[in-house]
Every structure is written in structure tokens, then in C-alpha cells.
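Per my numbering, the very first residue in the sequence shown carries number 647; after that it's consecutive. Working notes for the structure below.
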Amino acid sequence: MKAAREEKGMSQRALSEAVGVHPMTIHRFESGERLLDVLELVDIARALEIDPVTLFRLALGD
């Protein structure tokens with residue numbers, strides 16, 4: 647997720663605002679401290695303008 651966010655030139659704050667969560671939540675997702683649920687994954691993928699399946703694969707390291 648971090649790579650996709652950085653590729654879009656978005657800060658954690660900008661992504662958090664687009665998704666409607668606290669910036670610390672984005673940090674926790676990216677650091678692995680907190681797992682995404684399916685709806686959060688879809689919201690983040692939309693904010694990053696990528697397919698949710700692509701984001702899922704990135705998260706798995708494919």
C-alpha cells in the first residue's frame with residue numbers, strides 16, 4: 647500500500663483524508679500494526695485509483 651500511495655505522490659495525511667480515517671490509521675496499515683478489512687481495502691484502492699485486487703496483491707507481496 648505504501649508503494650502505491652507514494653507512486654501516486656500522496657502523503658499519509660492526504661490518503662487518510664480521501665478515505666476518511668485518521669492519518670495514524672494509514673500509518674498502522676502500512677506498518678502492519680493493523681490489518682485492513684475488505685471495505686477499507688476497497689476505499690483505499692479507490693482513493694489511490696487502482697484496482698482493489700491489485701492493492702491486495704501488493705499487500706501479499708506478489
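All C-beta atoms, glycine included, are put in the ideal place defined by N, C-alpha and C.
* Asked: Out of G655, T700 and V688, which has the shortest C-alpha to C-alpha gap to V665?
  -> V688
* **Opening and closing residue of the alpha helix (DSSP H) in which V684 lies** => V684 to L694
* Asked: CB E679 to CB M647, shorter than 8 Å?
  -> no
* From L681, H673, R674 and T671, residue whose alpha carbon lies closest to that of L706 -> L681
* Asked: Are the beta-carbon atoms belonging to D683 and A691 less than 8 Å from one another?
  -> no
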